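Novice: I have a structure I would like to understand better, so I am pasting it below and will then ask my questions one at a time.
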Amino acid sequence: MTATLSPEKYDEVTEALKDVMDPELGINVVDLGLVYDLAWDDENDALVIHMTLTSAGCPLTDVLEEQTAQALDEVVERFRINWVWMPPWGPERITDDGRDMMRALGFAI
Numbered sequence: 062m063t064a065t066l067s068p069e070k071y072d073e074v075t076e077a078l079k080d081v082m083d084p085e086l087g088i089n090v091v092d093l094g095l096v097y098d099l100a101w102d103d104e105n106d107a108l109v110i111h112m113t114l115t116s117a118g119c120p121l122t123d124v125l126e127e128q129t130a131q132a133l134d135e136v137v138e139r140f141r142i143n144w145v146w147m148p149p150w151g152p153e154r155i156t157d158d159g160r161d162m163m164r165a166l167g168f169a170i
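The sequence shown begins at 62 in the working numbering and counts up by one.
Now the structure itself:
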């Protein structure tokens, strides 16, 4: 059973996840809109990150999992990533900050 994170914990986790960079774009997973939801698994006492990738065939899940472990090291003891494919990711999920970062890299978005 999962529970909602407190607003403070949600913000703390979100800020930590901004250190997790998409290896291909060099933009964090939060501002790219890859993090769909955060929840707490009471049964396993662990953070659950509902996250997707820009494409389902991306072979870099291991890299993102390692970066996530490093980013959350001081924030939570345990976490798991629930890879989500529906709804598929689209550029409309990118935050305003993410759009600015994309433009700085030369993307027309």
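Backbone N, C-alpha and C fix where the C-beta goes; we use that ideal spot for every residue, glycine too. What you are looking at is a predicted structure, and each value in this text was computed from that prediction instead of being measured.
Please state whether the Cβ-Cβ distance between V81 and L121 is less than 8 Å.
Specialist: Numbered from its first residue, the sequence shown carries residue 81 at position 20. Numbered from its first residue, the sequence shown carries residue 121 at position 60. No, these two residues do not count as a Cβ contact at 8 Å.
Novice: From the beta carbon of A100, is the nearest beta carbon of chain D less than 8 Å away?
Specialist: The chain inventory of the structure shown lacks chain D, comprising one protein chain alone.
Novice: If you draw a straight line from the alpha carbon of L166 to that of L99, how long is it in whole angstroms?
Specialist: Position 105 of the sequence shown, counted from the first residue, corresponds to residue 166. Position 38 of the sequence shown, counted from the first residue, corresponds to residue 99. Rounded to the nearest angstrom, the two C-alpha atoms are 28 Å apart.
Novice: Give me, in chain order, the residues of the same chain whose beta-carbon lies closer than 8 Å to that of T113; leave out the 5 immediate sequence neighbours on both sides.
Specialist: For this step, residue 113 is matched to residue 52 along the sequence shown. The residues are L95, Y97, W144, V145, W146, P149 and W150.
Novice: Roughly how many angstroms lie between the CA atoms of T115 and S67, to the nearest whole one?
Specialist: Along the sequence shown, read from residue 1 onward, the residue named residue 115 stands at position 54. Along the sequence shown, read from residue 1 onward, the residue named residue 67 stands at position 6. Distance between the alpha carbons of T115 and S67: 28 Å.
Novice: Going along the chain, which residues of its own chain have a beta-carbon closer than 6 Å to the beta-carbon of D158, five neighbours each way excluded?
Specialist: The residue given as residue 158 occupies position 97 in the sequence shown. Same-chain partners within the cutoff: D92.
Novice: In its own chain, which residues sit with a C-beta less than 6 Å from the C-beta of M177, not counting the 5 before and 5 after it?
Specialist: Here the chain has residues from 62 to 170 only, and residue 177 is not among them.
Novice: Please state whether DSSP places V90 in a helix, a strand or coil.
Specialist: Residue mapping note: residue 90 aligns to position 29 of the sequence shown, counting from 1. The answer is coil: DSSP assigns V90 none of H, G, I, E or B.
Novice: Leaving out the 5 sequence neighbours to the left and right, which residues in its chain are closer than 7 Å to T156 when beta-carbon positions are compared?
Specialist: Mapped onto the sequence shown, residue 156 falls at position 95. Within the same chain, T156 has close Cβ partners D92 and G94.
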